Structure formats: C-alpha cells, structure tokens
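Engineer: Using mature numbering (1 follows the signal peptide of the UniProt record, and there is no 0), the letters of the sequence shown correspond one by one to residues -26 to -1, 1 to 328.
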Amino acid sequence: MASSHQIYKLITILVLFLSFTLTSLAENVQLASETHCNSGTRASSCNNYKESKKLKIIAFFSILVASIIGVSLPLITRNIPALGPDRDPFVIVKALASGVILATGYMHVLPDSFANLTSTCLPNNPWRKFPFTTFIAMISALFTLMVDSYAMAWQKKILLKPQPNAAVTETLENGSRELENENGNIVADDAKSQLIRYQVIAQVLELGIVVHSVVIGLAMGASDNKCTIRSLIAALCFHQLFEGMGLGGCILQAQYGSKMRWTMVFFFSVTTPFGIVLGMLLETVYSPSSPTALIVVGVLNACSAGLLNYMALVDLLGADFLGPKLQGNMKLQTVAYVAVFLGAGGMSVMAKWA
Ligand SMILES: [Zn+2]
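1. Would you give the residue range spanned by the alpha helix (DSSP H) that Glu217 belongs to?
2. For Asn21, write down the residues that DSSP places opposite it in a beta bridge.
3. Tell me which residue opens and which closes the alpha helix (DSSP H) that Cys277 is part of.
4. Helix, strand or coil, according to DSSP, for Phe64 in the structure here?
5. For Ile299, collect the residues of the same chain with a Cβ closer than 8 Å to its Cβ; drop the 5 residues on either side in sequence, then sort them by chain order.
6. Anyone know if the C-beta pair for Gly218 and Phe242 falls short of 8 Å?
7. In the DSSP assignment, find the alpha helix (DSSP H) that holds Ala328 and state where it starts and stops.
8. Taking DSSP as the reference, what is the three-state secondary structure of Asn303?
9. By Cβ distance, which residues of its chain are closer than 7 Å to Ser322, with the 5 residues on each side in sequence left out?
10. Going straight from the alpha carbon of Asn22 to that of Lys200, what length do you get?
11. Counting C-beta neighbours from all protein chains within 10 Å, is the total for Arg235 16 or more, i.e. buried, or is it exposed?
12. Provide the residue span of the alpha helix (DSSP H) that contains Val244, from first to last.
13. Taking only beta-carbon atoms, is Pro105 less than 8 Å away from chain C?
14. Would you check whether ligand 1 has a heavy atom nearer than 7 Å to the C-beta of Met324?
15. Sort Ile190, Ala127, Val188 by Cα distance to Ser167 and report the nearest one.
16. Suppose contacts are defined by Cβ-Cβ distances below 8 Å. Is Ser187 in contact with Thr107 by that definition?
17. Could you tell me the alpha carbon to alpha carbon distance between Met324 and Gln129, rounded to whole angstroms?
18. Do Lys30 and residue 346 come within 8 Å of each other at the CB atom, strictly closer than that value?
19. Report the three-state DSSP secondary structure of Ser123 (helix, strand or coil).
20. Looking at Gly79: is its Cβ nearer than 8 Å to the Cβ of Asn283?
21. Which residue from Pro63, Ser41, Cys11 puts its Cα closest to that of Thr308?
22. So is Trp101 buried or exposed if we call it buried at 16+ other beta carbons inside 10 Å?
23. When the Cα of Ala286 is compared with those of Cys95, Val270, Val178, Val251, which residue comes out closest?
24. For Ile207, verify whether its CB is less than 7 Å away from any heavy atom of ligand 1.
25. In three-state DSSP terms, what is Gly317?
26. How about Ser93 and Ala279: do their beta carbons lie closer than 8 Å?
27. For Glu154, does the three-state DSSP call read helix, strand or coil?
28. Between Gly222 and Pro48, which are expected to be in contact by the criterion C-beta below 8 Å, what is the C-beta distance as a whole number of angstroms?
29. Within 10 angstroms of its Cβ, does Gln301 collect 16 or more other Cβ (buried), or is it exposed?
30. Quick check on the burial criterion: 16 or more other C-beta atoms within 10 angstroms. Buried or exposed for Ser197?
31. Taking C-alpha atoms, which residue in Gly249, Ile132, Tyr311 lies nearest to Asp164?
32. Classify Ser18 as buried or exposed, calling it buried when 16 or more other Cβ atoms lie within 10 Å of its own Cβ.
33. Buried or exposed for Ala208, please, with buried defined as at least 16 other CB atoms from any protein chain shown within 10 angstroms of its CB.
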C-alpha cells in the first residue's frame, strides 16, 4: 500500500513538473512568435533609419506627382473635342478605367485581405477556421447593391414628384401614362438622374480605393528597410499612375464642375503620400503584423474588395457593355473589350509589387 501511494505521489509530481515545463515552453514560443509578429521584419544590413528616411521623402514626392498625372490624364483629354462624352474614344477610355478598377478589387485588395486575416500572427481559431475575407466581401457587395438601389428609387421619387402646375398629377402613379403626358420632362429627368448616378459612383469608388492607397503608403512609411523601399518607389508610382487613370475615367464620366473635379483629384493624389507620412510618424508604434492592425486592415480591405468588384462589374462594365451604345456597335464593343483587358492586365501586373 505504501509503495503504491509513493508511486502515485511520484506520478503526480512528474505530471505537475511536465505540465509546468510544457506551459512555460508554450509561453516562450508564444512570446517569441508575438515579438516576431509585433516587430515585423528583423534587423539586417538593409535596415538603415537615415537612408530609408531619405528614400521615403523621395517616394513621397514622386508618388504624389505620379498620382496627380494619373488621375488628371483622363480629365485633360476632356478638352480635346475628339474625346467628348458622346464620342467613341471616350467609351474606350472608360472601358480601360473599368478594367483597372476591376483588377484593383480582385488582384490587389482581395488578396491583401486574405493575407491579413489568415496571417499566422492571428490565433488559429477563429481566423483560419472560417473564410472571413470572402464572407465580408460578399456582404459588402450586397450592401453596395442596397445603397445603389435605394438611392436610385429615392432619386426617382424626388425627380418624378408631381409639379403643382402640371395638369397630369393624377396619372403620375401610372408609368406609361406619365410617359405619354410628360415625355419631354421625363427624358430630361432621366438624363439628370443618370448624371447624379455617375457622380455617386465616382465618389463611392474613391472611397473604395482610399483604404488600399493609404495602407500601401503606411507600410512603406513604417518600414526602415532601405532595400524594400528603394524597389517599391517605382512600383508604387506606376501603381498610383494606373489606379489614378481608372478613377480619373470615372470622374470624367461624372461631369463634375471644375471645383469638385479638382477636389477629387487632390484627395486621390494625397492618399498614398499621406500614408507614408502617417507611417513615418507612427514608425515606433505601428506594426503591420500586430493582431489589431491585421484585423482592422483585413476587414477594411474585404469591405473595399466587395464594393469595388460590385461597382466595376455592375455600375461600370455592365452598364456600358449592355447599354445601347455598345450593343449597337459590334466593332466598338470589341475595341472596348481590348481596352478592358489591357486595363485589367496592366493593373494585375502591378499586383506583383503592392
Ligand atoms: Zn495595389
């Protein structure tokens, strides 16, 4: 009896000892992985604070200039008569822009969100147990549709409000009679409502692009790896040039007044440089691989991806390619498809860098 009691005692001590060792070992591993996850890149010959600061200032100005050129380029073409809103070249510029926006969603923002939300710096449960990225993107696309459809219905209601002096007020409930009676007015209202729609699309698109543009700047600003920064400068310039052309094409279609147009140009142009400055200011506290940063940026990216994919396919490509102008002209339709593939292909190549 005594010996078996001693054996139990020994086993208990052994189990306690083992569990203690294992827990402390696990804690150490966790601590190690946490420090790795919080510090991001480890020190190497490339890490040079002074050098990288100089490069970041160069990046700030060159990306700013590239963004301004990119987003203004489609807008400047507005002054060339051959590129007027009703001409064929306008349709082709728009098709190129739509391709760029589509690729921004599918090739830049969506994969970024996957990388963020399935990062090994996040706990396995729940982040790698459920495809959060696609779920959030799907819900975001549906919400964009809801905003789109409710806004349109609300606008129609406002625009079709019976005028006090009109003799046809009783028949306005009926769509066909209203068309018979107020043909001229309705057509004018339709054009106006279409224009308002284009303006809403341009603004929402800018919103969808903003997160990605700030985040790529933020990542550069917070890094002190001069090798990465050096190779990123040219890539980000092209990135902003191309993305700017995509957004510029949509601003062009919205036919804003010059004040609003240049406000939108300004906001797009400063997003990435703003991200760089923000990253430089937060360099000591901001770590792209900290769990909070990963979740916040990952969720925002997933929302942007759903929004961009919906808008590119429904509001830009669908509206144009299924609309009367391209449906009535097979040759123009084919050329426009070439433009879409060029835009989407070019922006896809950029995905290699940022
Ligand atoms: Zn990108």
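Ideal Cβ positions, reconstructed from N, Cα and C, are used throughout, including at glycine.
Computed from a prediction, not measured in an experiment: that's the story for all the values here.
Structural biologist: Here's the rundown:
1. 200 to 228
2. Asn199
3. 265 to 284
4. helix
5. The question names Ile, but residue 299 in the sequence shown is Lys. The residues are Val65, Leu306.
6. Pairing Gly218 with Phe242 gives a Cβ-Cβ distance under 8 Å.
7. Note, Ala328: premise wrong, no alpha helix (DSSP H); not H, not E.
8. coil
9. Ala77, Met81
10. 6 Å
11. buried
12. 232 to 255
13. In the structure shown, chain C cannot be found, because there is only a single protein chain.
14. yes
15. Ala127
16. no
17. Approximately 38 Å between the Cα atoms of the pair.
18. Since the first and last residues shown for the chain are -26 and 328, residue 346 lies out of range.
19. helix
20. yes
21. Pro63
22. buried
23. Val178
24. no
25. helix
26. no
27. Note on Glu154: pLDDT 43, under 50, position unreliable in the model; no value is reported.
28. 4 Å
29. exposed
30. Its Cβ being crowded by 16 or more others within 10 Å, Ser197 is buried.
31. Ile132
32. The residue is exposed, with fewer than 16 neighbouring Cβ atoms inside 10 Å.
33. exposed
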